[in-house]
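Notes follow the structure.
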């Protein structure tokens, strides 16, 4: 049995970007995480320790988003790697980091990267 846990719409304020202003001013971000795993054990036991805890997923995202990076690709990769390291039951995962109103020339609502494994 292959199943997914989704933690979507994690809203954060962080200081990522290549420009000095981004390090000082910061931006709004939204992070979405999808983890593929097997629910067989947790559906039988009904115990939290037998599944992937979405509270801990949220904490990993918050902790990694606090570490400044120039590229949101780098942040997304760190989040993915921490999740895989924390949970050996991960079969696959996807992390989407969206930067709201990026400081680029033009009228752009948001930019995003997705890292999947």
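Numbering (this note's numbering), first residue to last: 1173 to 1289.
Using N, Cα and C, we set each Cβ at its ideal position, and we do this for glycine too.
Classified as exposed, residue 1215 has fewer than 16 neighbouring CB atoms from the shown chains inside 10 Å of its CB.
Per DSSP, the beta bridge partners of residue 1186 are 1199. For residue 1262, same chain residues with a beta-carbon under 8 Å away, outside a window of 5 residues either side, are 1207, 1208, 1209, 1224, 1255 and 1256 in chain order.
In this chain, the beta strand (DSSP E) harbouring residue 1284 covers 1282 to 1288. Between residue 1270 and residue 1177, the C-beta spacing is not below 7 Å. Membership of residue 1217 in the alpha helix (DSSP H) is indicated by the continuous run 1212 to 1217.
Minimum Cα-Cα distance from residue 1183 among the listed residues 1286, 1272, 1287 and 1278 corresponds to 1272. DSSP places residue 1248 in the helix class (H, G or I) of the three-state scheme.
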